[in-house]
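Read the structure below first, then the notes.
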Amino acid sequence: MTITNFLPIHSTQSVQGLHRVSVGQGNTESVRQTAPLKDTATFSAESLRLSDAAKTDAGSTKIRFDLVNRIKAEIAAGTYDTPEKMDIAIERMASRIF
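One rule links them: number in our numbering = place in the sequence shown (from 1) + 657.
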């Protein structure tokens, strides 16, 4: 993420306030309206991809408690991890790396 035009503000300040500027020589001053500041932010493609992945439709947000409870029970019993599941996990991981 990139933030541009960041100005530290130490107290309450008007963003579009009037400022006195010196004109010419001597003590002559005029008052002019300053241009409004415009802050911008840009996001990387990766952050946008992750943001899109976090958005889900209403149907996919349901938690399947029966499945969660079954897996918890298998983990507690020590029967969840099997050599076949480990082989599949290793193959998937290797395919992402290589």
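Ideal Cβ placement from N, Cα and C applies to all residues, glycine included.
Between which two residues does the alpha helix (DSSP H) harbouring K729 extend? F722 to A734
Leaving out five residues on either side along the sequence, give the residues of the same chain with a beta carbon under 7 Å from the beta carbon of E731. Y737
Would you tell me roughly how many angstroms separate the C-alpha atoms of I728 and G735, rounded to the nearest one? 10 Å
What separation, rounded to the nearest whole angstrom, lies between the Cα atoms of S704 and M743? 31 Å
From which residue to which residue does the alpha helix (DSSP H) around K742 run? P740 to I754
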